[in-house]
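Novice:
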Amino acid sequence: MIEIRTLRQEELRDSMNLSMYAFQYELPEEEIVERLAAADPEQTWGFFIDGKLASKLTIFDMTTWIYNKPFKMGGVAGVASWPEHRRQGMVSQLLSKALQVMKENGQTISYLHPFAVAFYRKFGWELSMTYKRYELQTNQLPRMKQAEGSITRVTPSAAVLNPIYEAYAKQFNGPIERTQEWWDSRIFKKKGHVGVYLNAAGEPRGYVHYQIENYECTIHELVYLDQDSKSGLWKFISDHDSMFRKLTLQAPPDDDLPFELEDPRIKQEIGAYFSARIVDVEGFLSQLELRHACLPADTALSLHVRDEQAPWNHGTFELRLNGPEGTAVVTKTAEEPGGADGAAAHGLACDIRTLTVLLLGSKSAGELHRLGRLQGHGQAVELLQAALPRRACYLPDFF
306 MIEIRTLRQE ELRDSMNLSM YAFQYELPEE EIVERLAAAD PEQTWGFFID GKLASKLTIF
366 DMTTWIYNKP FKMGGVAGVA SWPEHRRQGM VSQLLSKALQ VMKENGQTIS YLHPFAVAFY
426 RKFGWELSMT YKRYELQTNQ LPRMKQAEGS ITRVTPSAAV LNPIYEAYAK QFNGPIERTQ
486 EWWDSRIFKK KGHVGVYLNA AGEPRGYVHY QIENYECTIH ELVYLDQDSK SGLWKFISDH
546 DSMFRKLTLQ APPDDDLPFE LEDPRIKQEI GAYFSARIVD VEGFLSQLEL RHACLPADTA
606 LSLHVRDEQA PWNHGTFELR LNGPEGTAVV TKTAEEPGGA DGAAAHGLAC DIRTLTVLLL
666 GSKSAGELHR LGRLQGHGQA VELLQAALPR RACYLPDFF
């Protein structure tokens, strides 16, 4: 008998055993017990054959910041099958179920870390989050001007760091809202120290979470709210130069550190990170804040969306940009998407993957139109590009 359902408490260990096998890691028994105690079996969906777990995935109930607003997000993780059950369509059925569940839960967007980007593209997820990774030698560290404030080393505390983090996170599209449990289990589990920057008025404006070991400095997180705090934090880091020979740092994709270095020829790379997917087009668009000041009054736009995995997204949507506080009034007007040629004067057509990167801001309407991923009239492309402010997509966390 085949069954797709959430796990029961006594099945959590089976799920963890599958994760350890599929992702090739082992945990000591005491950590397994700790994780099992904290796990919610109803977050994990399993594909069962004759009562035995064959495949599974987990959906975390999370909040993400997009254009400075909180959106409910389904974080998909731990997608795995036992080898004897692979390539039999089980993951496909689980992902289909996950989309239905997330829509019912009001999670209008989903993120996941793909083992293969191409695999999840088949189900509508598109690579949306990237990062920069720097490697600097001590003689390449930035020499920034003296900041007005000071640094104090603190015991890691969400009460101190979270207000700084949230102010920083809202500058991007994609960061998640960190709960107390997330800080404790994900952030503070990392070794190292925390330094907080206080400006001249004594206000916390940035922090660095760092670890120095074997003459290497790893910056777990560098968060600053202005140039003064950035300068102060880098001065603090550089004052450790006698303790390490090499520093590594992960930064947002639009980070401009090399421009501020005396010698910008440092080792740097761009990493592909998380994929995203709009789960509910109508719900997501209704929340999205648009730049009305750039648009004619009572502007209407038709979006023809192709989504074979989520039929509620497949069709034509009319956006009337006269909603309260910059939001759009969204109405589904047809169950089948029209082509660009058959669209209204302001019609655009694309698949769900393209729509996701467009609305998250990781690609502009103009770029996607030039690439052939967004079809429609030039006037409609310009209108949508004016309505969507460009913002870097960045996720400093992992799940």
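Residue numbering for the sequence shown follows the numbering used here, starting at 306 and increasing by one per position. Note that CB positions come from ideal geometry on N, CA and C, so glycine has one too.
1) Taking all protein chains shown into account, decide if residue 415 is buried (16 or more other Cβ within 10 angstroms of its Cβ) or exposed.
2) Quick one: using the 10 Å Cβ neighbour count with 16 as the cut-off for buried, is residue 312 buried or exposed?
3) If you pair each beta-carbon of the segment 541 to 554 with each one of the segment 481 to 488, do three or more pairs fall below 8 Å?
4) Using the C-alpha atoms, what's the distance from residue 700 back to residue 381?
5) Quick one: is residue 625 buried, meaning 16 or more other Cβ sit within 10 Å of its Cβ, or exposed?
6) State yes or no: is the C-beta of residue 425 within less than 9 Å of the C-beta of residue 572?
7) Using alpha carbons as the reference points, say which of 666, 397, 616 lies closest to residue 595.
8) Reducing DSSP to helix, strand and coil, say where residue 618 ends up.
9) Measuring only the C-alpha atoms, how far is residue 383 from residue 451?
10) Here's the rule: buried if 16 or more other CB atoms are within 10 angstroms of the residue's CB, otherwise exposed. What is residue 499?
11) Residue 359 to residue 545, Cα distance in whole Å?
12) Going by the CB atoms, is the gap between residue 469 and residue 512 shorter than 9 Å?
13) So what does residue 483 bridge to, in DSSP terms?
14) Return helix, strand or coil for residue 702, following the three-state DSSP convention.
15) First and last residue of the alpha helix (DSSP H) that includes residue 327?
16) Could you tell me if residue 650 is buried or exposed, where buried requires 16 or more neighbouring beta carbons within 10 angstroms of its beta carbon?
17) Flag this pair as yes or no: are the beta carbons of residue 688 and residue 593 separated by less than 9 Å?
18) Quick check on the DSSP output: the alpha helix (DSSP H) that includes residue 353 runs from which residue to which?
19) Indicate the three-state DSSP secondary structure (helix, strand or coil) for residue 489 in the structure shown.
20) Rank 653, 639, 578, 552 by C-alpha distance to the C-alpha of residue 422 and give the top, closest one.
21) Could you name the residues of the same chain whose beta carbon sits closer than 8 Å to that of residue 362, not counting the 5 residues immediately before and after it, in chain order?
22) Taking the C-alpha atoms as reference points, what is the distance between residue 622 and residue 637?
23) Here's the rule: buried if 16 or more other CB atoms are within 10 angstroms of the residue's CB, otherwise exposed. What is residue 533?
24) Alpha carbons only, please: which of 588, 497, 488 is nearest the one belonging to residue 704?
25) Just tell me which of 341, 413, 486, 356 has its CA closest to the CA of residue 664.
26) Taking only runs of the alpha helix (DSSP H) that begin and end inside the segment 522 to 574, which ones reach a length of at least 4 residues, in chain order?
27) Put residue 643 into one of helix, strand or coil per three-state DSSP.
28) Could you tell me the boundaries of the beta strand (DSSP E) in which residue 501 lies?
29) If you draw a straight line from the C-alpha of residue 728 to the C-alpha of residue 441, how long is it?
30) Using a threshold of 9 Å, state whether the C-beta atoms of residue 306 and residue 354 are closer than that.
31) Assuming the contact rule is C-beta atoms closer than 8 Å, residue 642 and residue 674 should be a hit. Round their C-beta distance to whole Å, please.
32) Taking residue 408 and residue 585 to be in contact with their CB atoms under 8 Å, please state how far apart those CB atoms are, rounded to whole angstroms.
33) Can you tell me which of the three DSSP states residue 413 falls into?
34) Taking the CB atoms as reference points, tell me whether residue 692 and residue 679 lie closer together than 9 Å.
35) Counting only runs that start and end within the segment 416 to 445, where is the alpha helix (DSSP H) found for 4 or more residues in a row?
Specialist: For this structure:
1) Reading the sequence shown from its first residue, position 110 is the one you call residue 415. Residue 415 comes out buried.
2) As a first step, residue 312 is located in the sequence shown; it is residue number 7 there, counting from the start. Counting Cβ neighbours within 10 Å, residue 312 comes out buried, since at least 16 surround it.
3) no
4) Mapped onto the sequence shown, residue 381 falls at position 76. Mapped onto the sequence shown, residue 700 falls at position 395. Looking at the two C-alpha atoms, the distance is approximately 14 Å.
5) The residue you call residue 625 lines up with position 320 of the sequence shown. Burial call: exposed.
6) Counting from 1 along the sequence shown, the entry for residue 425 is found at position 120. Counting from 1 along the sequence shown, the entry for residue 572 is found at position 267. No, the pair does not count as a contact, with Cβ atoms beyond the cut-off.
7) In the sequence shown, counting from the first residue as 1, residue 595 sits at position 290. Nearest C-alpha to residue 595: 666.
8) Counted from its first residue, the sequence shown places residue 618 at position 313. Three-state result, residue 618: helix.
9) Here residue 383 refers to the residue found at position 78 when the sequence shown is read from its first residue. Here residue 451 refers to the residue found at position 146 when the sequence shown is read from its first residue. Each residue's alpha carbon lies about 46 Å from the other.
10) Counting from 1 along the sequence shown, the entry for residue 499 is found at position 194. Counting Cβ neighbours within 10 Å, residue 499 comes out buried, since at least 16 surround it.
11) Taking the first residue of the sequence shown as 1, we reach residue 359 at position 54. Taking the first residue of the sequence shown as 1, we reach residue 545 at position 240. C-alpha separation (whole angstroms): 50 Å.
12) In the sequence shown, counting from the first residue as 1, residue 512 sits at position 207. In the sequence shown, counting from the first residue as 1, residue 469 sits at position 164. A contact, by the Cβ cut-off of 9 Å.
13) Residue mapping note: residue 483 aligns to position 178 of the sequence shown, counting from 1. Bridge partners of residue 483: none, in fact.
14) Along the sequence shown, one-based indexing puts residue 702 at 397. Of the three classes helix, strand and coil, the one that applies to residue 702 here is coil, per DSSP.
15) Mapped onto the sequence shown, residue 327 falls at position 22. Residues 317 to 327.
16) For this step, residue 650 is matched to residue 345 along the sequence shown. Unreliable positioning characterises residue 650 in this predicted model, as indicated by a pLDDT of 47, which lies under 50. The coordinate reading is nonetheless provided below. Under this definition residue 650 is an exposed residue.
17) The sequence position of residue 688 within the sequence shown is 383, counting from 1. The sequence position of residue 593 within the sequence shown is 288, counting from 1. No, these two residues do not count as a Cβ contact at 9 Å.
18) Along the sequence shown, one-based indexing puts residue 353 at 48. Taken as a continuous stretch (DSSP letters only), residue 353 belongs to no alpha helix (DSSP H), being part of the beta strand (DSSP E) at 349 to 354.
19) Position 184 of the sequence shown, counted from the first residue, corresponds to residue 489. If DSSP states are grouped into helix, strand and coil, residue 489 belongs with the helices.
20) Translated into the one-based positions of the sequence shown, residue 422 becomes position 117. Residue 578 is the option with its Cα nearest to residue 422.
21) Against the sequence shown, residue 362 aligns to sequence position 57. Contacts found: 349, 350, 381, 382, 383, 384, 385, 396, 399, 400, 403.
22) Position 317 of the sequence shown, counting from 1, holds the residue named residue 622. Position 332 of the sequence shown, counting from 1, holds the residue named residue 637. Straight-line Cα distance between these residues: approximately 4 Å.
23) Position 228 of the sequence shown, counted from the first residue, corresponds to residue 533. By the neighbour-count rule (16 or more Cβ atoms within 10 Å), residue 533 is buried.
24) The residue you call residue 704 lines up with position 399 of the sequence shown. For the residues 588, 497, 488, the minimum Cα distance to residue 704 belongs to 488.
25) Stepping through the sequence shown from its first residue, residue 664 is reached at position 359. Closest option to residue 664, Cα to Cα, is 413.
26) 532 to 543
27) Here the question's residue 643 lines up with position 338 in the sequence shown. Coil.
28) As a position in the sequence shown, residue 501 is number 196, starting the count at 1. Per DSSP, residue 501 belongs to the beta strand (DSSP E) from 498 to 503.
29) The shown model of the chain, from 306 to 704, leaves out residue 728, and the question about it has no answer.
30) Within the sequence shown, numbered from 1, the residue matching residue 306 stands at position 1. Within the sequence shown, numbered from 1, the residue matching residue 354 stands at position 49. Yes, the Cβ-Cβ distance between residue 306 and residue 354 is below 9 Å.
31) As a working note, residue 642 is residue 337 in the sequence shown. As a working note, residue 674 is residue 369 in the sequence shown. Not confirmed; about 17 Å, so no contact.
32) In the sequence shown, residue 408 corresponds to position 103, counting from 1. In the sequence shown, residue 585 corresponds to position 280, counting from 1. The pair is a contact, with the Cβ atoms about 5 Å apart (cut-off 8 Å).
33) Start at 1 with the first residue of the sequence shown, and residue 413 comes out as number 108. The answer is coil: DSSP assigns residue 413 none of H, G, I, E or B.
34) As a position in the sequence shown, residue 692 is number 387, starting the count at 1. As a position in the sequence shown, residue 679 is number 374, starting the count at 1. Not closer than 9 Å, so no.
35) 422 to 426
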